[in-house]
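Structure, as structure tokens:
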Amino acid sequence: MKTLREWATPLTIGAFAFMSITGVLMFFHLDSGLNKLGHEWLGWAFITGVALHVFVNWKPFTRYFLSSGIARAIIGAFVVVLAGSFFSLSGSRSEGGPPPVLAMKAITQAPIANVAALTGRPAAEIIDELRKAGIALPSENASIDSIAHGDRELESKAMMVLFRR
2 MKTLREWATP LTIGAFAFMS ITGVLMFFHL DSGLNKLGHE WLGWAFITGV ALHVFVNWKP
62 FTRYFLSSGI ARAIIGAFVV VLAGSFFSLS GSRSEGGPPP VLAMKAITQA PIANVAALTG
122 RPAAEIIDEL RKAGIALPSE NASIDSIAHG DRELESKAMM VLFRR
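Per the working numbering, the sequence shown runs over residues 2 to 166.
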């Protein structure tokens with residue numbers, strides 16, 4: 002148990018430092034490089050560290066649930082906030098989501114002839130490049146969505162072909 006404690010607590014502290022700093026940078030849109038990717042993936046290190054820290058400190062951890070009304074209230078408040086985070090404000094989900102999602106939907110749902118104007122290349126050239134990448138559109142009136150059917154990997158591949166210079 003002592004060995005586990007020797008690295009569970011430093012793992013928790015280090016991961017917390019990384020998560021809090023990258024989280025603040027992302028909040029203020031100051032993240033760069035691999036900040037967001039590191040935040041997403043090293044979150045697993047934070048979860049692991051916290052789980053091991055709780056395991057090592059199980060008896061003191063359970064006391065928060067048994068004795069302190071303030072501790073239970075704080076934990077309960079975060080459970081309520083977590084539950085609320087699964088809902089969207091002012092119907093934003095019915096409006097389609099954030100602007101990048103709306104732009105992606107507009108591009109993937111529009112006929113490729115319309116999208117061609119955004120790329121500055123003729124539709125025939127784009128259709129040929131998509132075909133070479135394994136994405137076969139039947140005509141200039143077809144959209145990426147008409148063949149991708151929500152497959153994000155295929156949509157992403159098509160977007161790379163569309164906007165590659």
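For each residue, glycine too, the CB sits at the ideal point set by N, CA and C. Just so we're clear, the structure is a prediction, and the values are computed from it rather than from any experiment.
Where does residue i land, buried or exposed, given buried means 16+ other C-beta within 10 angstroms?
i, result
"His40", "buried"
"Ala16", "buried"
"Val116", "buried"
"Leu90", "exposed"
"Ala18", "exposed"
"Leu163", "buried"
"Ala107", "exposed"
Look at the alpha carbon of residue i and the alpha carbon of residue j, and state the distance between them as a whole number of angstroms.
i, j, result
"Ala125", "Glu141", "7 Å"
"Ala46", "Glu156", "31 Å"
"Arg165", "Asn36", "24 Å"
"Val102", "Arg153", "12 Å"
"Met161", "Leu38", "19 Å"
"Met20", "Ile75", "21 Å"
"Leu43", "Leu83", "20 Å"
"His150", "Ser68", "53 Å"
"Pro99", "Gly77", "30 Å"
"Ala134", "Leu119", "19 Å"
Under 8 Å between the Cβ atoms of residue i and residue j?
i, j, result
"Thr49", "Leu12", "yes"
"Ala9", "Val57", "yes"
"Thr109", "Ile148", "no"
"Phe62", "Arg73", "no"
"Ile136", "Ile113", "no"
Mapping DSSP to helix, strand and coil, what is residue i?
i, result
"Ser147", "helix"
"Glu141", "coil"
"Gly15", "helix"
"Asn115", "helix"
"Pro123", "coil"
"Arg153", "helix"
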